[in-house]
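J.: Below is a structure I'd like to ask you about.
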Amino acid sequence: MTHEQCMELALREAETAAKQGEVPIGAVIVRDGKVIAKAHNMREQWLDATAHAEVIAIREACKNLKNWRLAGCTLYVTMEPCPMCAGAIYNSRVDTVVFGCRDNRAGAVESLFNVLSHPLMNHQPQVIGGILEDRCAALVRAFFMDCRSRET
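In the working numbering, the protein residues as written are 871 to 1022.
Spelled out as structure tokens, the structure:
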């Protein structure tokens, strides 16, 4: 599968999140060309600040592989991971992170921080940004515009 095809799957997860009133971020983890986990934000439904798409997908992938190490895995996520998610990515040893749009408010792999490429870290996954960037960003923008319009 190509990066674009995998990001399409993550976008479907993000769309599901939006329909459920969650910030529309989706994540998919792939290993050897097979999807081993997929998730979307669940913070509102689970009342859990840690229920980000990336963390949920990492938990599911670890369970499915029966291993906390996700070596050989690629994480696709529609928005650049935050510091918490970057920590989970680092600790689970994901090989590659592919994201859609940047997060200029909380991005921790390129925008505000470079957690995953810090030279003192003993694991530095490859990071690829900008895959289907316009579509990923448009989904988030539309969600927050809709939220603002309901507030007035």
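Each residue gets a CB set at the ideal place from its N, CA and C atoms; glycine is no exception. Please read these numbers as outputs of a predicted model, since none were measured by experiment.
#1: Exposed or buried, which one is Asn-974 when buried takes at least 16 other CB atoms within 10 Å?
#2: For Ile-899 and His-910, what's the separation of their Cα atoms in angstroms?
#3: Could you give the first and the last residue of the continuous beta strand (DSSP E) run that contains Ala-897?
#4: Between which two residues does the alpha helix (DSSP H) holding Met-954 run?
#5: So what does Leu-986 bridge to, in DSSP terms?
#6: Between the segment 943 to 956 and the segment 920 to 932, are three or more C-beta pairs nearer than 8 Å?
#7: For Met-912, I'd like the list of residues in its chain whose CB is within less than 6 Å of its CB, leaving aside the five on either flank, ordered along the chain.
#8: Would you tell me roughly how many angstroms separate the C-alpha atoms of Phe-969 and Ile-928, rounded to the nearest one?
#9: Is the beta carbon of Cys-971 sitting closer than 8 Å to the one on Cys-932?
#10: Expressed to the nearest angstrom, what Euclidean distance is found between the alpha-carbon atoms of Val-964 and His-993?
#11: Report the option in Leu-879, Pro-894, Ser-981 and Ser-1019 whose CA atom is closest to the CA atom of Leu-945.
T.: According to the structure data:
#1: Burial call: exposed.
#2: Going by C-alpha positions, Ile-899 is about 12 Å away from His-910.
#3: 896 to 901 is the extent of the beta strand (DSSP E) around Ala-897.
#4: Residues 953 to 962.
#5: Answer is none; Leu-986 lacks a bridge partner.
#6: Touching, yes, given that three or more Cβ pairs across the two stretches are closer than 8 Å.
#7: Short of 6 Å from the beta carbon of Met-912, and not among the five residues preceding or following it, lie these beta carbons of its own chain, in chain order: Ala-921.
#8: In this structure, the alpha-carbon of Phe-969 lies about 15 Å from that of Ile-928.
#9: One thing to note: Cys-971 has its Cβ no nearer than 8 Å to the Cβ of Cys-932.
#10: Cα to Cα, the separation comes out at about 9 Å.
#11: Of all alpha-carbon atoms in Leu-879, Pro-894, Ser-981 and Ser-1019, the one lying nearest the alpha-carbon of Leu-945 is that of Leu-879.
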